[in-house]
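Those sequence lines, one after another, are chains A and B. Just so we're aligned, residue 560 is where the first sequence starts under the numbering used here, counting upward by one. Just so we're aligned, residue 560 is where the second sequence starts under the numbering used here, counting upward by one. Don't be surprised by glycine CBs; every beta carbon is placed ideally from N, CA and C. Keep in mind the model is a prediction, meaning the values are calculated, not measured. The structure under discussion appears below in the form of structure tokens.
2 protein chains.
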Amino acid sequence: MKQFNIAIFGCGTVGGGVARILTEIKDTISQRCGCNINLKKIVEIEPKFASEKYNVPREFFCGDGDIISREEANKFIQDVISASDIDLIVETIGGSNDFIEKICADILNSGKHLVTANKALLAERGSAIYKAAEKNNKIIGFEAAVCGAIPIIKTIKENLTGDQILSVSGIMNGTSNYILSKMHDENMDFASALMLAQEKGYAEADPTLDINGGDAGHKLIILMKLVFGIDLKMDELSISGIQDITIDDIEFAREINSRIKLICFAQRIDGDIYATVCPMMVKNDNFLSDINGATNAVNIISKYAGKHILVGAGAGSTETASSIVADIVFIARYAEKMEHHFAKEKINFVDARHFKFAYIITFETEDEPGITGLVTTAVGEQKINIDTVSHNMHKSHKAIFSIATMPCTLEQIDNAIAVIRAKNSHVLLSEPKVIPILY
Amino acid sequence: MKQFNIAIFGCGTVGGGVARILTEIKDTISQRCGCNINLKKIVEIEPKFASEKYNVPREFFCGDGDIISREEANKFIQDVISASDIDLIVETIGGSNDFIEKICADILNSGKHLVTANKALLAERGSAIYKAAEKNNKIIGFEAAVCGAIPIIKTIKENLTGDQILSVSGIMNGTSNYILSKMHDENMDFASALMLAQEKGYAEADPTLDINGGDAGHKLIILMKLVFGIDLKMDELSISGIQDITIDDIEFAREINSRIKLICFAQRIDGDIYATVCPMMVKNDNFLSDINGATNAVNIISKYAGKHILVGAGAGSTETASSIVADIVFIARYAEKMEHHFAKEKINFVDARHFKFAYIITFETEDEPGITGLVTTAVGEQKINIDTVSHNMHKSHKAIFSIATMPCTLEQIDNAIAVIRAKNSHVLLSEPKVIPILY
């Protein structure tokens, strides 16, 4: 039987899971591929720890001793990249920097396939990597880079190919979803929920990218390239996180039968794609409102088949690793016939501020007569239809109230707010909070 | 560019949808395949009607005139099967009989790929067809045979290949789900809900296979072969339908925070697979309880990734057709590298009467003292733990009450019922209704 040999760079949470699956069910996976899938080498700076933690024989790890130096690790990496008997390398070191980009490019330039979970690298430096793959006629598997265990990449590339995808929306960051779920269900404030997420291991020591929408943004950029063929840079996509969501916002959401979720959103209208990452008020009728804790979920609407929903684990060791191993199987089966199937239609990216969402605008104002009239008049003058004005909370000298609009653009809302400020400079005690509603 | 030529046999709801997609987005699909996907011929006995209904140019249809005779159609079918310039034939005639089996075998024996939505044929006569494909090294695509637009077949064959599937459960028959939803939400009885389903076009004129579980059984048999490599005959699988579900059962379900759903269930425990199709009380916490109307949903639990959920349209013209076109794309891309990837592990099928479900048993008895004691004692003697005894409905001279058990086998329950009958032959006014609970 043909041999197909694998090396792994970086044996942490995800790499360790890959090593574990490749050793535990080697025969099943080999039978699925019609060739022997052999784990050959692992390069990891703490081989003893990783070997014990993920129950992977020490013999797979390069180097002697409990730990190896970075210099040694780099030498082993170069040795593996140069080795003629390795067919595919799994990169699970992580990070988006010159060092990792060079490793990934070297893997492809050496004539090996690359499988990676590195969403930051693909989102920020993907075009160089995709080009290296195309030039060398090698494959990049990146199923694990978007939504962990959910096979969203293959579902789009290989399964929904008898159709045209019109929109993709979803919950793609488990940490922020866990925090928002705690705020909704246990009335925690943001800081306490974040602390709990860190204690439980759902949030990193530095949770910045999870809570500011950066991680979700990485995933949406990868999907935009895959589904619509659009190369987007991080600073071109409007991204906001959940760090400013308060218990009051959660309360407003409940009032309108919604839950606040950090949503990745991309919708095609004719030749334009509107996209954004931001917290949205998700109506209870939308199944995304039921996705709580660290679970991820994606809603795909296509022209002929209508709605597809996928739900699964967004992170975790063997969970994410199962997606990497599935990439290995797919490449072992089909590499010679695979092409770089990004969409190739002529299609434009449009900032989602031009997309017509219904919005919730929350105003914090002086508690004095005439303000509702002032605000609603200004909103109406911008041709924004108001759906409801609700929930006046009176707190000492201030009032908080929210307006639910009919679909309009963010530009219209910004103009309305500017008019309110111009008319009465002290009426707004803070910047109004503007959150789209997802039906 | 390479040409890949398609013919369609049978241009009804599904075949018409395929013809429509293949003509409407020919360029997109061809770009995805890296070759020109050309619809060449359609054999249909009512070409004029189909051409107009599905907006497909008349020139694709074999024969002149508004309708063609069966003899003519058979001749055209044989001509297309013999044609050297056709690469793949879509069979959307339907039915499970010698005639269709021969057509499908002839397609494969002529060296062409076959794509079909024919679940009855694959479930009842699949092994002959699978063998013909293997012998000729040709592919059978059957994505559309299970759950319409949901890409469940490719998800299992191609996406979840880095894992071991432990269980598959789901709602795979839209008609029965529509009927049950109406019974739950609008308090309709079974007969009225069925009539409404027929009026709305969700149920066929002869709805037997939808309501007796036969259609769902076909789908589960196909999945059992795919996931676990088990060749199962219809009479080996325990199948019951929804025809005996009453408003009282719906009421009991509501009381225990559940909804009744027709569930396809297969679960692996070590080397055994337990499988059944029957109505179950699905707990509100289980997302399957939220799947209403004609939608389908599948819950896959795997060893490494945990839970995967897929939801989508279970039927419909372009919905089901999108799955067929996706098969065409996959075959055009990969046929030369595709193998017949059914699971090959040594695994046993076990009747689900040996599986330990929690059950709801509903008794209709004489309304007289001592019966609860008699029944619960008999149940306890069979080592069945009782969870709750609930809801005594007293109707003239009879009482209806239900027992929720802790997990036990159907054998234990049958034994308990036999003991009750033996002790007091007139106490049970009808056969007790036994429904598993799905958590």
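Candidates Glu630(A), Ala825(A), Asn855(A), Ile715(A), of which the one nearest Phe914(A) by Cα: Phe914(A) has its Cα closest to that of Ala825(A), out of Glu630(A), Ala825(A), Asn855(A), Ile715(A).
Boundaries of the alpha helix (DSSP H) in which Thr935(B) is found, first to last residue: 930-940
Leu681(A) and Ala704(A) - do their beta-carbons sit closer together than 8 angstroms? yes
Spell out whether any CB of chain A is found under 8 angstroms from the CB atom of Ala872(B). Under the Cβ criterion of 8 angstroms, Ala872(B) is counted among the residues facing chain A.
So Gly707(B) and Thr879(B) are supposed to be a Cβ contact under 8 angstroms. How far apart are they, rounded? Contact between Gly707(B) and Thr879(B) holds, with the beta-carbon distance rounding to 5 angstroms and staying under 8 angstroms.
Gly721(B) versus chain A: which residues are under 8 angstroms apart at the beta carbon? Simply Ile580, Ile588, Ala880, Ser881, Ser882, Ile883, Val884, Ala885, Asp886, Ile887, Val888.
Between which residues of its own chain and Phe762(B) is the CB-CB distance below 7 angstroms, once the five residues before and five after are set aside? One detail in the question is off: residue 762(B) reads as Ala in this sequence, not Phe. Result list for Ala762(B): Thr734, Leu753, Ala756, Asp769, in chain order.
What does the Cβ neighbour count give for Arg984(A), buried or exposed, with the cut at 16 atoms within 10 Å? First, the amino acid is wrong: residue 984(A) is Ser here, not Arg. That one is exposed.
Going by the CB atoms, is the gap between Gly721(B) and Ala885(A) shorter than 8 angstroms? Taking 8 angstroms as the Cβ cut-off, Ala885(A) and Gly721(B) qualify as a contacting pair.
Name the chain B residues that come within less than 7 angstroms of Tyr893(A), Cβ to Cβ? Those are Tyr893, Lys896, listed as they occur along chain B.
Taking only beta carbons into account, state which residues of the region 822-849 of chain B come closer than 8 angstroms to chain E, listed in chain order. Any reference to chain E falls outside this structure, whose protein chains are A and B.
Inter-stretch contact at 8 angstroms, needing at least 3 Cβ pairs: the region 967-980 of chain A / the region 894-909 of chain A: As far as the Cβ criterion goes, the region 967-980 of chain A does not touch the region 894-909 of chain A, which means the pair count is below three.
Please list the partners that Glu717(B) has in chain A, where partner means a Cβ-to-Cβ separation under 7 angstroms. Lys713, Glu717, Phe889
Quick one: Cα of Arg629(A) to Cα of Ile604(A), how far? 7 angstroms
Which of the residues in the region 898-921 of chain B, read from start to end, lie with their CB under 8 angstroms from any CB of chain A? Within the region 898-921 of chain B, those residues whose Cβ lies closer than 8 angstroms to any Cβ of chain A are, in chain order, Glu898, His900, Lys903, Glu904.
Alpha carbon of Val841(B) to alpha carbon of Val649(A), nearest angstrom: 41 angstroms
Can you tell me the Cβ-Cβ gap for Phe701(B) and Asp646(B), rounded? I've got them flagged as a contact below 8 angstroms. That pair is no contact at about 17 angstroms.
Cutoff 6 angstroms; reference His956(B); Cβ partners in own chain excluding five residues on either side: Asp926
Counting C-beta neighbours from all protein chains within 10 Å, is the total for Met965(B) 16 or more, i.e. buried, or is it exposed? exposed
In three-state DSSP terms, what is Gln802(B)? coil
Candidates Gly670(B), Ser686(B), His953(B): closest to Ile789(B) by CA position: Ser686(B)
Taking C-alpha atoms, which residue in Ile715(B), Ser589(B), Gly622(B) lies nearest to Ala902(B)? Ile715(B)
Spatial neighbours of Lys992(A) within its chain, please: CB distance less than 6 angstroms, with the 5 preceding and 5 following residues excluded, ordered by chain position. Thr921
Would the region 825-838 of chain B and the region 571-581 of chain B be scored as touching if the rule is three or more Cβ pairs under 8 angstroms? Contact fails: fewer than three Cβ-Cβ distances are below 8 angstroms.
Chain B beta carbons: is any one of them nearer than 8 angstroms to that of Lys866(A)? yes
Residues bridged to Gly700(A) (per DSSP): Val674(A)
Separation of Gly670(A) from Asn695(A), as counted between CA atoms: 6 angstroms
Among Leu739(A), Leu969(A), Asp644(A), which residue has its Cα nearest to the Cα of Lys820(A)? Leu739(A)
Can you give the beta carbon distance from Ile822(B) to Ile730(B), rounded, assuming they're within the 8 angstroms contact cut? 7 angstroms
For the region 886-929 of chain B, list the beta strand (DSSP E) runs that are entirely contained and at least 3 residues long, ordered along the chain. 907-910, 917-925
What does Tyr613(A) reach in chain B if we use C-beta pairs closer than 8 angstroms? Neighbourhood of Tyr613(A) in chain B, by CB distance below 8 angstroms: empty, with the nearest CB roughly 12 angstroms away.
If we ignore side chains and look at the alpha-carbon of each, how far apart do Ile662(A) and Ser589(B) end up? 35 angstroms
Who does Asp829(A) pair with in a DSSP beta bridge? Answer is none; Asp829(A) lacks a bridge partner.
Partner residues on chain A for Ile584(B), Cβ-Cβ distance less than 7 angstroms: Gln723
Cut-off 8 angstroms between Cβ atoms - residues of its own chain near Thr877(B), not counting five sequence neighbours on either side: Gly576, Arg579, Ile580
If you measure beta-carbon to beta-carbon, which residues of the region 809-820 of chain A are closer than 8 angstroms to chain B? none
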